[in-house]
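Undergrad: Mind having a look at this structure? Questions to follow.
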Amino acid sequence: TSWLSDITNIHVSLFILALQALAFHMVLQLAEVQKHFERQEAQVAAARLNKLEQERAKQRQERIELCLGMVLQHLKAPILLMKSELSVSDEDPKNAVQVL
14 TSWLSDITNI HVSLFILALQ ALAFHMVLQL AEVQKHFERQ EAQVAAARLN KLEQERAKQR
74 QERIELCLGM VLQHLKAPIL LMKSELSVSD EDPKNAVQVL
């Protein structure tokens with residue numbers, strides 16, 4: 014019966030070794046899954062950041078355009094006034110002296 018006991022012990026040892034290998038394999042698989050999810054989270058975060066940066070750039074562009082529009086509106090009246098004064102001065106040389 015000692016050889017039967019030895020064989021049983023060998024089978025039990027092999028079974029335990031197989032269970033350990035399976036557990037190790039599962040740990041490796043879980044690590045791969047975790048890496049995959051971390052990569053996905055990083056990609057999502059990068060996409061959100063990119064979208065946020067695009068929105069900020071768009072808002073910045075809109076503010077610049079608004080400011081330029083306001084500057085042009087403020088400059089438009091003096092330019093039109095100068096233009097009208099120049100057109101008057103072009104007609105009569107005496108007016109040119111008055112404008113200057």
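Residue numbers (our numbering): 14 to 113. The beta-carbon is built from N, C-alpha and C at its ideal position, and this holds for glycine as well.
Please report the straight-line C-alpha distance between Ser18 and Glu51, rounded to a whole angstrom.
TA: Using only the alpha carbons, I get a separation of about 49 angstroms.
Undergrad: From His38 to Leu30, what does the alpha carbon distance come to, in whole angstroms?
TA: Cα to Cα, the separation comes out at about 12 angstroms.
Undergrad: Taking the alpha-carbon positions, what's the Thr21 to Gln42 distance?
TA: The straight-line gap from Cα to Cα measures roughly 31 angstroms.
Undergrad: At the level of alpha carbons, what is the spacing between Val46 and Ala59?
TA: Looking at the two C-alpha atoms, the distance is approximately 20 angstroms.
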